Amino acid sequence: MADCPGQAARLAAWHVGHWGHFYDPADWNLALATAELEDHASRRGRPTTLVAMQDDAPVGSVSLVDEDAPEFRGVGEAWLASLFVLEPARGRGIGAALVRACVALAARERVPRLWLFTPEHVGFYAALGWRDQGAATLRGQPVHLMDIVPA
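For the sequence shown, our numbering assigns the number 4 to the initial residue and increments by one for each residue that follows.
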């Protein structure tokens with residue numbers, strides 16, 4: 004985000020559109036997501052968002068945050084969150100590259116263990132070295148908690 008701060012509103016719309024159902028709108032909505040991403044543009048360390056660009060336009064993003072969902076507070080101190088790749092750009096390895104870049108950033112930040120939750124992409128993350136730590140529920144929806152030790 005530090006290299007493309009003008010994209011916060013666009014990315015926030017992607018994120019809220021894709022994951023908004025996992026959160027209470029009072030805690031996370033378009034305005035709050037936009038403000039969060041604008042804040043991420045002010046730094047290169049945690050919390051921050053990495054953006055994949057193609058032809059000067061964003062095609063995907065992932066965030067490294069301290070907390071991803073209040074329900075999982077206390078599970079881990081750092082989270083990979085909001086991995087998103089635009090539909091036309093999927094299948095090109097952009098998502099995997101964003102995940103690897105986020106894990107590398109977590110390693111530089113000396114994060115001992117990085118967490119994520121996913122409703123359906125356990126296989127994708129497992130192929131990148133993440134371990135399934137079991138099922139959980141987030142706002143009544145089943146998810147899997149996964150972790151990795153950044154190296």
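Heads up, the beta-carbon is just placed ideally off N, CA and C, and yes, glycines get one too. Predicted model, so just to flag it, every value in this text is computed and none were measured.
Nearest residue (CA-CA) to Val62, options Arg113, Leu141, Arg13, Ala5: Looking at the Cα atoms, Arg13 is the closest of the given residues.
Stretch-stretch touch, CB-based, cutoff 8 angstroms, three pairs: the segment 115-134 with the segment 79-87: The segment 115-134, when compared against the segment 79-87, does touch it at the 8 angstroms Cβ threshold.
Residues of its chain near Cys105, where Cβ-Cβ distance is below 7 angstroms and the 5 sequence neighbours each way are ignored: Cβ neighbours of Cys105 beyond the five flanking positions: Leu53, Val65, Leu67, Leu83.
Cβ contact check for the segment 107-125 and the segment 142-154: 3 or more pairs under 8 angstroms: A contact exists between the segment 107-125 and the segment 142-154.
Span of the beta strand (DSSP E) around Arg103: Taken as a continuous stretch (DSSP letters only), Arg103 belongs to no beta strand (DSSP E), being part of the alpha helix (DSSP H) at 97-111.
4 or more residues per run - each alpha helix (DSSP H) lying fully within the segment 106-150: List check, alpha helix (DSSP H) in window: 125-129.
Assigned secondary structure, Leu35 (DSSP; H/G/I helix, E/B strand, else coil): For Leu35, the secondary structure class from DSSP, reduced to helix, strand or coil, is helix.
Reference Ala55; option with closest CA among Arg93, Glu123, Ala139: Comparing Cα positions, the closest option is Arg93.
Top-ranked residue by Cα proximity to Ala60, from Gln10, Ala15, Gly98: The shortest Cα separation from Ala60 among Gln10, Ala15, Gly98 belongs to Gln10.
Per-residue DSSP class, three states only, for Pro73: In the structure shown, Pro73 sits in a helix (DSSP, three-state: H, G or I).
Selection from Pro122, Trp22, Phe127, Ala129 that minimises the alpha carbon distance to Ala138: Shortest Cα-Cα distance from Ala138 to any of Pro122, Trp22, Phe127, Ala129 involves Pro122.
Closest residue to Val102 among Trp22, Phe87, Glu112, Leu40 (Cα-Cα distance): Among Trp22, Phe87, Glu112, Leu40, the Cα nearest to that of Val102 belongs to Phe87.
Span of the alpha helix (DSSP H) around Leu14: First-last of the alpha helix (DSSP H) with Leu14: 11-22.
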